[in-house]
Structures are given as structure tokens and as C-alpha cells.
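*Asks:* Remember, my numbering sits 13 above the position in the sequence shown when you count from 1. Where a beta carbon is used, it is the ideal one built from N, C-alpha and C, also for glycine. Quick one: structure below, then a few questions.
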Amino acid sequence: MAQSLDCGLRDGNNDTGMFTTENYCGSSSNLTGPEIVFEINPPQSLTYTFDLQVFGAGQDLDMFLLNSNCNPNNCIASSDGATSNSPDVIVQPLTAGQTYYLVIDGDGGSISEFLLTITCEAGFDCDAEELECDATRFSSNDTGSFNVDTYCNGNNTNLTGPEKVFSFVAPTSQNYTFRMDGFSGDLDMFLVEDSCDPDDCIANSDASFNTPFDEFTVFLNAGEEYFLIVDGDGGTISNFNITITCTEQCEASFTFTEDCGKVTFNNTSTGNNLTYQWIIDGVVYNEENPCIQFNVSGFYFATLNVSSPNCEDSFSAEFEVETCPIELYCDCCPDGADFNFEGEALGPVSTFPQTPWHTAYGGPTYIQEGCDNPNSPISIKFSGPSFGFAGSAVAYGTSGFSGPDILFHKDSSYCISYCYRVDDVFDSASMGYVKLRATNTSITNGACTSGCTVVDISPTIDVPTGWQTHQFVWTSDDDYFELVFSTDATRPLDGLVEMNIDNVCIQPYTESCKASFTFIEDECGDIELTNTSCGKDVSHTWTINGFTFTNQTISLAGPGTFNVTLSITTSDGCFDSVSQIITTTGLPDLTLTCPFSESVLTPLIDGICLYPYTFPSITTNNPSAITCFYNGSPVNAGDVLSLPLGLNSFSCTAIDMCENTAECAWEIFVDCEDDMVCDLEGNCEVVNSVNLSTGVDAFGNVIPSGSGQMDPFWKVINNTPVDASCTNGALSSLNGTPYVINYIAPNTTGWVNQTGAGIICPYDIGNNGGFGCNNITNANGNLVPYIFQRSFCVCEGDEFNINLTYEGDDQLYVELIDYSSSSVLVTGPTYIWTGTTTQTLNFSGFLPAGNYGIRAYLVNTFSTVLGFSLVGNITSLTGSNSIINNGECCQPQT
């Protein structure tokens with residue numbers, strides 16, 4: 014147990030110590046006496062002097078100052094004198110916040126009383142200014158401190174003047190020259206280490222009096238900090254100049270170029286009189302620009318060391334080698350894969366090397382995912398390393414009673430192909446590759462014990478890429494009996510990456526060729542043939558229906574039957590051919606369907622005879638461009654034409670994508686009857702257009718909103734029940750005629766207002782009036798609406814257009830009603846106050862003579878207020894006066 018030790022006196026005896034340590038500092042031994050240990054925790058950074066007096070005659074006690082780990086082999090200082098009479102004194106700066114241990118031990122078994130005097134003094138104040146290379150600093154020591162008079166362990170004394178301190182960090186490891194001039198008297202320089210201890214001198218210039226300059230040159234290490242102290246000998250105070258001259262620097266660097274495994278290194282180092290040492294893939298080269306041929310693709314490491322008498326530097330870089338493989342012209346296995354694992358049981362791959370596919374290490378498994386699923390739904394899964402786990406790998410090789418068979422023979426070439434992917438159970442950002450190794454020894458935890466070479470590393474892919482096929486030719490550099498599939502890929506934070514392989518093929522490589530072609534048939538029966546043959550420098554000839562061609566791609570007009578033969582030869586003497594009979598069919602004959610000719614009778618109106626005719630859609634049996642004409646002018650489907658009295662001619666022409674054409678024509682003869690007159694009674698009037706908007710008078714003017722203002726045309730045709738809690742006084746105003754109101758104020762548009770219409774309500778609530786009543790539901794759970802009706806009638810059948818826009822609070826939809834048949838002709842979408850924009854009802858078509866109306870269904874669901882606006886017209890498309898606006902005039906017409 015260490016005793017605490019402070020500045021002052023401490024007497025004691027080492028007879029209470031322990032016999033645990035006999036050797037210190039790597040050089041002091043035979044300390045066989047008991048040792049006593051003191052712990053020192055400086056309250057501030059001070060210089061400690063430990064002075065040990067031993068009282069036992071002939072006894073030799075020694076001191077050892079250790080750092081915070083209290084390791085006797087790591088001494089800071091010691092007082093192990095040669096004899097017992099040697100002084101036992103240690104002087105050492107100690108830093109605040111650090112823990113130190115002082116051990117007193119007996120040399121040769123000595124045990125004695127002692128007196129330990131600990132003197133603590135303030136250390137040297139190292140308040141420094143920074144110096145830089147090749148720059149002169151003008152300064153003076155008149156602002157320095159008077160802390161130090163002695164330097165370099167007492168070798169330099171009488172420095173009684175004030176001292177000035179500078180700091181300098183060496184940019185490179187080399188020689189530096191420190192020069193001081195421009196001073197009077199005797200100033201000296203002392204260069205000390207980064208502890209800034211005046212006794213730790215590296216160099217000094219304590220020259221004689223009145224020298225013109227002081228100078229020294231010293232080697233400094235790159236990146237380390239040093240302190241230069243300028244002090245006055247004999248109390249000198251003076252101005253001075255300080256310059257640090259940095260000798261010429263050197264810097265190691267190089268570039269490289271790679272071509273099919275041949276790497277040429279280009280030395281780009283700077284410096285004078287340099288010598289070079291390269292370490293490339295573990296081999297040492299001393300030439301300036303080495304050129305090295307690599308036989309295996311992969312990543313390698315190179316280091317260049319340069320040196321001169323005053324400088325040294327090094328530079329390292331990783332480089333990639335891609336050897337040029339044998340060029341593969343055709344697929345490794347044109348007849349299909351050697352192994353697609355079909356029929357293998359799902360789960361772990363066998364661990365027995367007697368099976369062709371077996372576990373190399375880890376736990377590869379068969380899974381139900383295949384490259385050409387569902388034809389081959391089985392593949393093998395293995396994983397990369399993760400958190401100290403080597404991953405897993407699968408091996409291919411055969412072994413019999415006499416041992417493993419040789420899979421790859423030295424200097425023989427093999428064509429290898431397989432299908433692979435990143436297993437899709439991980440996120441789409443996962444990326445991976447397959448690493449193939451040939452071995453003639455076992456692989457343990459991903460590492461080869463011997464006889465192992467990397468055959469190939471596939472391109473890196475990610476999860477969305479899916480299954481990819483990779484194939485290559487490899488020349489074996491030894492005899493190997495096993496091929497191992499593995500991966501080194503990992504995800505961020507050493508996450509797991511799993512790979513799948515399928516459809517593996519391993520075949521001896523032979524130069525080969527294969528004739529093949531593809532064809533595309535279009536809708537017209539035309540055909541395009543493309544040569545897809547493989548081989549070295551392929552030459553080809555097409556023979557098609559007895560004619561020869563040499564183009565890569567051949568286009569032939571169809572439809573028809575084509576007898577095709579493609580013959581190829583290659584520069585290495587290979588020949589192959591392929592034949593196929595191809596029959597194509599085009600589009601059917603183009604037919605154009607047009608209307609039949611007809612005669613029509615139309616009324617004579619105001620002395621004018623015009624028949625409204627909507628041009629019909631013309632169809633063909635094939636997709637075609639159709640052009641139609643009326644009396645020589647272009648016309649399109651949906652155009653409304655006014656055909657005059659007499660013969661009207663139409664024609665159409667169609668051209669399909671195969672440039673087949675078809676034509677058709679028809680005629681319409683128009684005859685006229687007497688002018689149409691509606692038989693009216695009383696003061697009823699017929700018109701060709703009626704304004705159906707809400708809140709307007711007979712002239713279409715919007716009626717100002719307010720209490721008592723009524724709509725002259727719209728009616729309320731039911732008395733809708735409201736919730737029992739409703740007590741609004743306006744309920745009594747319901748009389749079948751709607752009122753023109755506005756929820757906000759007259760002439761404003763912040764509610765359900767529309768330009769050209771007023772807002773109507775079943776009740777007289779005026780402007781800014783509240784309602785507070787909701788519609789109730791019936792037995793079927795449906796809200797019972799207020800029903801509004803705007804009537805009109807048609808005295809003669811005609812073509813009409815109705816276009817209405819509407820808004821309501823809270824829900825509103827409208828219908829076009831045929832009163833004669835009590836049928837709904839058109840229903841518009843529902844407007845909802847809280848969620849929709851203005852809704853629209855459109856009708857365009859023929860209406861026979863009869864009574865009609867627009868009905869609006871309004872529901873209140875949020876209590877506050879209710880009302881709606883509707884804008885629109887009914888218009889005769891023929892311009893005939895066939896509409897009766899006043900609904901009261903309609904009844905006599907039915």
C-alpha cells in the first residue's frame with residue numbers, strides 16, 4: 014500500500030516494506046532489501062528534488078521514480094549510485110494531475126532508517142512564441158523572465174539575463190540551422206525538447222563574448238515540437254534576429270500504369286541526391302522506376318522510401334491489377350449448366366467431401382430460389398464475414414477411395430460460368446460479389462492453410478440487380494482438387510451479406526464458334542433477322558430463299574415463308590451453320606365501315622330548311638388513320654353539320670400501319686316539311702333557350718337577397734321533417750316557393766354563391782340568418798332532403814343541350830326528370846360543402862315533346878344554415894323555338 018508523499022521532510026525505515034522487486038529500470042539489480050512505496054500527486058506542475066539520507070552504517074538505500082502504472086521497468090529517474098556513499102538525489106519536473114510513485118529499496122538486502130527531504134520549486138515558465146521555416150523573427154529578451162540561470166544539466170551557467178522562449182514544430186525529419194544575429198553583448202541560444210526543460214538540451218550556442226552571430230545545425234523529427242530559449246550571459250539584454258533555415262525537403266510520391274497485369278511505376282518524388290527503396294507486394298526493389306508483371310488479378314500494396322543525407326520520406330498506395338484473361342467468344346456451356354441443384358433437399362449443404370458439393374466452412378444451405386425459377390427452383394446460399402464470424406462457403410470437388418480427384422490441371426484452361434445474386438432478404442442497398450478460390454488444401458474459417466489461389470472475383474451487384482450470369486476463362490497455375498465459392502462482402506457496420514449461386518458450369522476451354530440468329534416479326538408480317546453468332550473474328554453468310562446476304566441485320570418484307578440458313582467461319586478455323594423455316598402473317602385485309610345512304614325529312618323553320626347531322630364515328634378492322642370529307646371538306650366524328658335541302662355526299666379513306674388502304678362513301682338526301690309550329694293556348698310562349706338558374710327573374714336578372722325575396726320559377730315540392738330539437742321561427746315560412754337569401758351579406762360571394770344566380774332556401778331566413786336545424790333520417794337510414802323543382806316543357810321533339818353548375822350547403826345533387834314517364838334522365842354528382850368543388854350536370858341529346866324539370870335535393874347536416882345556387886340553361890341545338898319556359902303552360906300540352 015503506497016503512502017502519500019508531499020513536499021517537506023519524511024523520516025522512515027524500509028524494514029516495514031515488502032520483498033517483491035529486485036530489478037528496476039532495466040539496469041538496476043540486486044535490490045534484495047524490502048521496498049517502501051510513496052504516492053505523489055502534485056497539486057501543480059513543480060520541479061521536485063528528492064534528497065535521501067541513510068543512517069545505517071554500510072547500508073545502501075536507492076530511490077526509483079516511476080510513472081502512474083507503477084511498473085519498476087519504466088523508470089522516470091533513479092538514484093542507484095555505485096556505492097553506499099554515492100549521493101541519493103533525484104531532481105525531476107512533475108506535472109499537475111499526474112500520479113507518480115517513489116520507491117526506496119535496499120541494495121544487497123540493506124535495511125535502514127532514512128530521512129527524505131522533498132523540495133518543490135516552480136518550474137520554468139515556457140510561454141513561447143512560434144517560429145517558422147525560412148522566416149526571420151525580430152525580437153528582444155527585455156520582456157523575458159529571470160527564471161533560469163543554468164542550462165544543459167549545469168554545463169552552461171551564468172545566464173543571469175532575462176530569457177525569451179520560442180517554439181518550433183519540424184515539418185519534416187531533416188537538418189535545421191538556427192541562427193541569431195543583430196544583438197549586442199552576449200546572448201546565447203539553447204534548443205530543448207518538447208518538455209521545455211532547460212536541462213534537456215539538444216543543441217546550444219553558448220559562444221564567446223562579442224561574436225557577430227550564434228548558429229547551430231541539428232536534426233529534428235517531423236511533427237515534434239521544440240523550444241528555443243534565448244538568454245543573456247552575465248545579465249545581457251539586447252535586441253536580436255532569429256532565423257531557422259530549413260534544408261531542402263524531400264517528398265516521396267509515385268504514379269503507376271497497369272496494362273494486362275504489367276505495372277509500370279513512375280517515381281515522382283522530389284528532393285536532391287535521393288536514393289530509392291521500393292517494397293512491392295513484399296518484394297524489395299532499389300531501382301528508380303520498376304516495371305513488374307503480375308499474373309493474378311487483385312489488389313496489391315506498394316511503398317516507396319526515399320532518403321538523402323538530410324531527409325527521408327515514404328509514400329504508400331494500393332493498386333489494382335487486372336490481368337487480361339483469355340477472351341471468351343461463346344458461352345461456356347451452350348448445352349446448359351452442369352449443376353442446377355434440382356432435386357437437392359432444402360437445408361444445410363453436406364459436410365462430407367465425398368459429395369461433389371459440400372461445405373467448405375460455416376453453414377451454406379440449399380434454398381428454394383433459382384436463377385431460372387421455376388424450372389430450377391433450388392440454389393445455394395452462403396454468407397460473408399460479420400463480427401468475427403468468417404461466414405460460410407461451399408466447395409465443389411470429387412473424392413474417391415484413393416483420395417481427391419484433380420479438378421484443375423496445371424497450365425490447362427477452363428471455362429467457368431455461374432448465375433449469382435445478392436440474397437433479397439436484406440435491404441436493397443446491400444451489395445455483394447462471389448469470390449472463387451482453387452485449392453489443394455482445406456480452407457478453415459475462410460483462410461487457406463496452403464496451396465490456394467484466387468481464381469476470380471465477380472462484378473459487384475446489389476439486391477435490385479437480381480440474378481446475373483458471370484463467366485470467364487481461367488488458366489490453372491497448379492493442380493487443384495477443389496473450387497470454393499465464397500464472398501468477402503459486408504454491409505455497413507460489419508453487417509452480414511448473403512449470396513446465392515445457381516447453374517454452375519465447369520468445362521475445359523476449347524476455342525469454338527456457334528452460329529445463331531434472332532428474328533423479329535412485326536404486325537405487317539415483315540421480318541428482321543439479326544446475326545447473334547459467337548466466335549473469334551466471325552465471318553457470315555445468309556442464304557434466304559435462294560438469295561445470299563452478308564449484312565449483320567437483314568430486313569425482309571412479308572408476309573410470307575422464309576427458308577433461312579446462316580453459315581459462319583472464324584479466324585481460328587471453326588465452322589458452323591444453322592437453318593430455320595419462318596412463316597409470317599400480316600394484318601387482315603383492311604375494311605372500312607361507313608353508314609348507309611338515307612333520305613331524311615326535316616321541318617321548315619322560318620322558311621329555312623336545314624337538317625342537323627352529327628357526323629358518326631367511322632371504324633376499321635385494323636388500327637388506321639381515317640380521313641373523311643363532306644362535299645370535299647374535311648370532317649371529324651362528332652362534328653354537327655347543317656345539311657341543306659338536296660343531296661349531301663360523304664366519303665372516307667383509311668390507311669393502316671402496313672399502308673393498306675380502304676375507302677367508302679354514302680349520301681344523305683334532305684327533304685323539308687312545313688314550318689314547325691307549337692299549338693299553344695293562352696299566353697304561353699315558345700323559345701329556343703331557357704335560363705334555369707336559381708334566384709333570377711323572367712329577364713335573367715339576379716334577384717337581390719333579403720327577407721321576403723322569392724324565386725318566380727323554382728318550387729319546393731315537399732315538407733321535409735327536421736330534428737325535434739329545432740325551434741327556428743322560419744319553419745313557418747315554408748309555402749312551396751323558395752326564398753332568395755345569402756348567409757354572409759347581400760352581394761358577397763364567400764359562401765355557395767355563383768355568378769349569374771341567387772342562393773335559394775325553403776325558408777325565409779334573409780341575409781345573415783341562421784337556421785340551426787338538420788334533416789333527419791328515414792327508416793332506411795337515409796337523410797330526407799328538401800326537393801326543389803324547376804319545370805319546363807318541349808312542344809316538339811328536338812336536339813337539346815343542358816349545362817348546369819351547382820353548389821349547396823351542406824349536401825346537394827340534381828337530376829333531369831321526364832315527368833311524362835316519371836324517369837330520371839341524368840343525375841349529377843353530389844356537392845359536399847366541406848370537401849368538393851363546384852359540381853356539373855351535362856346533357857346533350859334528343860328530347861321528345863313532353864314535360865320536364867330539374868330537381869335539386871338539398872340536405873342540411875351541420876345545423877348552421879342551408880341553401881344552394883344553380884347556374885345554367887337548356888338550349889335547342891337546332892335553334893328551334895321548341896321550349897316552353899313557363900311550367901304552368903306545359904300541362905295543356907300533355
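Report buried or exposed for Met31, applying the criterion of at least 16 other Cβ atoms within 10 angstroms of its Cβ.
*Replies:* For this step, residue 31 is matched to residue 18 along the sequence shown. Looking at its Cβ environment, which holds fewer than 16 other Cβ atoms inside 10 Å, Met31 is exposed.
*Asks:* Looking at C-beta atoms only, is the number of pairs between the stretch 881–893 and the stretch 809–822 that lie closer than 8 Å three or more?
*Replies:* Counting Cβ pairs under 8 Å, three or more are found: they touch.
*Asks:* On the three-state DSSP scale, how would you describe Ser857?
*Replies:* Here residue 857 refers to the residue found at position 844 when the sequence shown is read from its first residue. DSSP places Ser857 in strand when its eight states are reduced to three.
*Asks:* To the nearest angstrom, how far is the alpha carbon of Gln13 from that of Asn513?
*Replies:* The question about residue 13 has no answer, for the chain in this structure spans 14 to 907.
*Asks:* Leaving aside the five residues before and after Asp219 along the sequence, list all residues of the same chain whose C-beta is less than 7 Å from its C-beta, in chain order.
*Replies:* Residue numbering aside, residue 219 sits at position 206 when the sequence shown is read from its first letter. Cβ within range, chain order: Asn169 and Asp201.
*Asks:* Hey, how far is the Cα of Leu890 from the Cα of Pro572?
*Replies:* Residue 890 sits at position 877 when you count from the first residue of the sequence shown. Residue 572 sits at position 559 when you count from the first residue of the sequence shown. Spanning the two alpha carbons is a distance of roughly 50 Å.
*Asks:* Need the endpoints of the beta strand (DSSP E) that Tyr239 sits in, please.
*Replies:* Numbered from 1 along the sequence shown, position 226 holds the residue referred to as residue 239. Glu238 to Gly245 is the extent of the beta strand (DSSP E) around Tyr239.
*Asks:* Start and end of the beta strand (DSSP E) containing Ile257?
*Replies:* For this step, residue 257 is matched to residue 244 along the sequence shown. Per DSSP, Ile257 belongs to the beta strand (DSSP E) from Asn252 to Cys259.
*Asks:* Using only CA atoms, which one of Ile789, Phe179 and Phe801 lies nearest to Ala737?
*Replies:* Mapped onto the sequence shown, residue 737 falls at position 724. Residue Ile789 is the option with its Cα nearest to Ala737.
*Asks:* Buried or exposed: Gly356, going by 16 or more other Cβ atoms within 10 Å of its Cβ?
*Replies:* Looking up residue 356 in the sequence shown gives position 343. The residue is exposed, with fewer than 16 neighbouring Cβ atoms inside 10 Å.
*Asks:* If you compare alpha carbons, which of Glu382, Glu301, Thr853 and Ser804 is closest to Leu359?
*Replies:* For this step, residue 359 is matched to residue 346 along the sequence shown. Of the candidates Glu382, Glu301, Thr853 and Ser804, the one whose C-alpha sits nearest the C-alpha of Leu359 is Glu382.
*Asks:* From Asp385, Asn386, Phe365 and Cys384, pick the residue whose C-alpha is nearest to that of Gly376; which is it?
*Replies:* Counted from its first residue, the sequence shown places residue 376 at position 363. Minimum Cα distance to Gly376 is reached at Phe365.
*Asks:* Are the CB atoms of Cys547 and Cys343 nearer to each other than 7 Å?
*Replies:* Translated into the one-based positions of the sequence shown, residue 547 becomes position 534. Translated into the one-based positions of the sequence shown, residue 343 becomes position 330. Cβ distance < 7 Å, so Cys547 and Cys343 count as in contact.
*Asks:* Taking a contact to mean a Cβ-Cβ separation below 7 Å, would you say Leu829 touches Phe801 in this structure?
*Replies:* Position 816 of the sequence shown, counted from the first residue, corresponds to residue 829. Position 788 of the sequence shown, counted from the first residue, corresponds to residue 801. No. Outside cutoff.
*Asks:* What does a CB cutoff of less than 6 Å around Asp101 pick up in its chain, not counting 5 residues either side in sequence?
*Replies:* If you number the sequence shown from 1, residue 101 lands on position 88. Closer than 6 Å at Cβ, skipping near neighbours: Leu65, Met76 and Ser92.
*Asks:* Ordered along the chain, which non-local residues of its own chain (more than five positions away) have a Cβ less than 8 Å from that of Gly46?
*Replies:* Numbered from its first residue, the sequence shown carries residue 46 at position 33. Here the set comprises Asn27, Gly30, Phe32, Leu74, Asp118, Gly119, Asp120, Gly121, Gly122, Ser123 and Ile124.
*Asks:* Give the DSSP-derived three-state secondary structure of Thr640 in the structure shown.
*Replies:* As a first step, residue 640 is located in the sequence shown; it is residue number 627 there, counting from the start. Looking at Thr640 - three-state DSSP - the assignment turns out to be strand.
*Asks:* Given a threshold of 16 other Cβ atoms within 10 Å of its Cβ, counted over all protein chains shown, does Met193 qualify as buried or as exposed?
*Replies:* Within the sequence shown, residue 193 is the residue found at index 180, counting from 1. Flag for Met193 reads buried.
*Asks:* What does the alpha-carbon distance come out to for the pair Leu18 and Leu79?
*Replies:* As a first step, residue 18 is located in the sequence shown; it is residue number 5 there, counting from the start. As a first step, residue 79 is located in the sequence shown; it is residue number 66 there, counting from the start. Roughly 14 Å separates the two Cα atoms.
*Asks:* Please state whether DSSP places Leu656 in a helix, a strand or coil.
*Replies:* If you number the sequence shown from 1, residue 656 lands on position 643. Of the three classes helix, strand and coil, the one that applies to Leu656 here is strand, per DSSP.
*Asks:* Assuming contact is defined by CB atoms lying nearer than 7 Å, are Gly397 and Arg434 in contact in what I supplied?
*Replies:* Your numbering for residue 397 matches position 384 in the sequence shown. Your numbering for residue 434 matches position 421 in the sequence shown. Their beta carbons are not under 7 Å apart, which means Gly397 does not touch Arg434 by this criterion.
*Asks:* Work out the CA separation of Asn649 and Phe642 for me, nearest whole Å.
*Replies:* Here the question's residue 642 lines up with position 629 in the sequence shown. Here the question's residue 649 lines up with position 636 in the sequence shown. When rounded, the distance between both Cα atoms is 8 Å.
*Asks:* With burial defined as no fewer than 16 other Cβ atoms inside 10 Å of the residue's Cβ, what is the status of Gln914: buried or exposed?
*Replies:* Any question about residue 914 goes unanswered here, given that the chain covers just 14 to 907.
*Asks:* Any contact of the stretch 779–793 with the stretch 846–853, i.e. 3+ C-beta pairs under 8 Å?
*Replies:* Verdict: no, contact absent.
*Asks:* Please name the residue in Asn564, Leu617 and Cys432 whose C-alpha comes closest to that of Ser471.
*Replies:* Along the sequence shown, one-based indexing puts residue 471 at 458. Answer by Cα proximity: Cys432.
*Asks:* Roughly how many angstroms separate the alpha carbons of Glu809 and Thr707, rounded to a whole number?
*Replies:* In the sequence shown, counting from the first residue as 1, residue 809 sits at position 796. In the sequence shown, counting from the first residue as 1, residue 707 sits at position 694. Roughly 26 Å separates the two Cα atoms.
*Asks:* Under three-state DSSP, which class holds Asn894?
*Replies:* In the sequence shown, the residue the question calls residue 894 occupies position 881. Of the three classes helix, strand and coil, the one that applies to Asn894 here is coil, per DSSP.
*Asks:* Less than 7 Å between the beta carbons of Asn188 and Asp246, yes or no?
*Replies:* For the purposes of this step, residue 188 is taken as the residue at position 175 of the sequence shown. For the purposes of this step, residue 246 is taken as the residue at position 233 of the sequence shown. Result no, Cβ atoms of Asn188 and Asp246 do not sit closer than 7 Å.
*Asks:* So within the stretch 471–520, which uninterrupted beta strand (DSSP E) runs reach at least 3 residues, ignoring any that extend past its ends?
*Replies:* The stretch 471–520 contains these whole beta strand (DSSP E) runs: 481–488 and 495–499.
*Asks:* Taking the C-alpha atoms as reference points, what is the distance between Cys337 and Ala183?
*Replies:* Locating residue 337 in the sequence shown gives position 324, where the first residue counts as 1. Locating residue 183 in the sequence shown gives position 170, where the first residue counts as 1. Near 47 Å, if we compare the C-alpha coordinates of Ala183 and Cys337.
*Asks:* Could you have a look at Ala183 and say whether DSSP puts it in helix, strand or coil?
*Replies:* Within the sequence shown, residue 183 is the residue found at index 170, counting from 1. Coil at Ala183, not helix or strand.
*Asks:* Would you call Ile533 buried or exposed, if buried means 16 or more other Cβ atoms sit within 10 Å of its Cβ?
*Replies:* By one-based count along the sequence shown, residue 533 stands at place 520. The residue is exposed, with fewer than 16 neighbouring Cβ atoms inside 10 Å.
*Asks:* According to DSSP, is Asn922 part of a helix, a strand, or is it coil?
*Replies:* Coverage of the chain is limited to positions 14 through 907, which leaves residue 922 absent and any answer about it impossible.
*Asks:* List the DSSP bridge partners of Phe314.
*Replies:* Position 301 of the sequence shown, counting from 1, holds the residue named residue 314. The partner list for Phe314 (beta bridge, DSSP) reads Glu331.
*Asks:* Using beta-carbon positions only, say whether Leu605 and Ala667 come within less than 7 Å of one another.
*Replies:* Residue numbering aside, residue 605 sits at position 592 when the sequence shown is read from its first letter. Residue numbering aside, residue 667 sits at position 654 when the sequence shown is read from its first letter. Yes, these two residues count as a Cβ contact at 7 Å.
*Asks:* Please report the distance separating the alpha-carbon of Tyr756 from that of Val878.
*Replies:* Counting from one through the sequence shown, the residue named residue 756 turns up at place 743. Counting from one through the sequence shown, the residue named residue 878 turns up at place 865. Roughly 7 Å separates the two Cα atoms.
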